[in-house]
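Report on the following structure.
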């Protein structure tokens, strides 16, 4: 069969080098694949759902199988969502798989970015791939919010109302932006149909295109890998693409599909029928968005009610700063970090194909811990009303505590993570120098006691196998002079 195919197409001649390309087999390199296979599930389930969903805001009277809502006036979008959930065979399963796949997709991209950040895999020559990855994360957030808003239920409508308030907070142009997006005064009659086009065409097309470019760059620039015997900046040690890596990757894809199917079947998510259709004069108690935009909700809740009137115009700092300026600064930092770090450390002239261990870069690891802590505090703040009610706390006291934690906790996380990194390096150096303890205790000639040691024989991926000199240890300090570039051989 291979000969027959190669006689008609350049299968072996053109694809041979690609099929023999090596990929590292460490588990941390599979996080990006989880995001890829979640995207595949999103596309498959999303295409199926388009056959039954009606993106309209015209009023209809519900007459479906869900008895509590019969006779209730609702939009066509919400009516079709109930139809998918209760009247279409397997509809609720596919709809919940789609929602769970969206959550896993965003989470996998986020964790994958953390792995890239902590191991320094964003450095030359992969700065562009890092930029593409951050852009994919932004597009995934926008795609998730657009899909979350399509059912036109009370919860998603509340989110759209908040989004419209964010648009109105833009100085001078806020009103025009809101009218352009909604087509008229909120809620209008065009927002669902517009979000539908963005959700099924514009953003998926951009995501698929960027994923394709991302994978091409991974193949072209070759994969990063942990340090170890026989591993250098000039090679990649691992499984060839065919058949070993392809077989393991296929198994991972089936696992992702199976887990998402189990979640869709057993774990209820976004039960819109309990919220009811959206009405501008109603708001659900305890409304919470999906986790990936929860930090914006928390930022809005923690911001004091600051406003400024200038020449008859009101600038709402309590909305503009947390919902526009803060996310813009966060993603600007992510985009710029690879270039700033390499300039400060003097590494911008050197190519890096070997991963750093997080402990070897205490400052970078500390910054990551501070960023995750900052995000975590905002995420908790997005549920401050739920926490206050559940634990019988004062909502005002909890809000002030979280405001203080937003400033103090990231600093403490940075200092703690940096100290832990230094401690781990010192313990590792001591282990390499003195050997591993055997558990035996011997009495010395002087009458004291000492523990027995034996040479170290077990090493974690990327760990040094001999004590490092001060010049060899990587702790994030600027290099004295930039080393010569390492040539790439493909």
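Residue numbers (my numbering): 1 to 490. For every residue, glycine included, the Cβ atom is placed at its ideal position computed from N, Cα and C.
Item: Contact set for residue 315: own chain, Cβ-Cβ below 6 Å, skip 5 residues either direction; Value: 171 and 308
Item: Assumed close pair residue 153, residue 275 - CB separation to whole angstroms, cut-off 8 Å; Value: 5 Å
Item: Opening and closing residue of the alpha helix (DSSP H) in which residue 494 lies; Value: There is no way to answer for residue 494, as the model of the chain reaches only from 1 to 490.
Item: Three-state secondary structure (DSSP) of residue 484; Value: A caution first: residue 484 carries a pLDDT of 48, below 50, which makes its placement in the model too unreliable to give a value.
Item: Status (buried if at least 16 other CB within 10 Å, exposed otherwise) for residue 270; Value: buried
Item: Cβ contact (3+ pairs, closer than 8 Å) linking the segment 366-378 and the segment 240-253; Value: no
Item: Residues sharing a beta bridge with residue 303, DSSP; Value: Paired residue(s): none; residue 303 is not in a bridge.
Item: 6 Å Cβ shell around residue 487 - same chain, five flanking residues per side excluded; Value: For residue 487, the pLDDT reaches just 49, beneath the cut-off of 50, and the residue's location in the model is therefore unreliable, leaving the point undetermined.
Item: Residue burial classification, residue 448 (beta-carbon count within 10 angstroms, cutoff 16); Value: exposed
Item: Run of the alpha helix (DSSP H) containing residue 449, from where it starts to where it stops; Value: Premise fails: residue 449 lies in the beta strand (DSSP E), 449-454, not in any alpha helix (DSSP H).
Item: DSSP beta-bridge partners of residue 59; Value: 75
Item: Helix, strand or coil at residue 288 [DSSP, three-state]; Value: coil
Item: DSSP beta-bridge partners of residue 23; Value: 239
Item: Continuous alpha helix (DSSP H) stretch holding residue 342: start and end; Value: 326-345
Item: Cα-Cα separation between residue 294 and residue 263, rounded to whole angstroms; Value: 21 Å
Item: Neighbour-count burial assignment, residue 437, 16 or more Cβ in a 10 Å radius; Value: exposed
Item: Contact the segment 110-130 vs the segment 275-284: 3+ CB pairs below 8 Å; Value: no
Item: Same chain, Cβ closer than 7 Å to residue 517, neighbours up to 5 away in sequence not counted; Value: Summary: the structure shown does not reach residue 517, with the chain confined to residues 1 through 490, and so no result is reported for it.
Item: Whether residue 142 touches residue 203 by CB criterion (8 Å); Value: yes
Item: Nearest-angstrom Cβ-Cβ length linking residue 52 and residue 104, presumed shorter than 8 Å; Value: Not a contact, Cβ separation roughly 23 Å.
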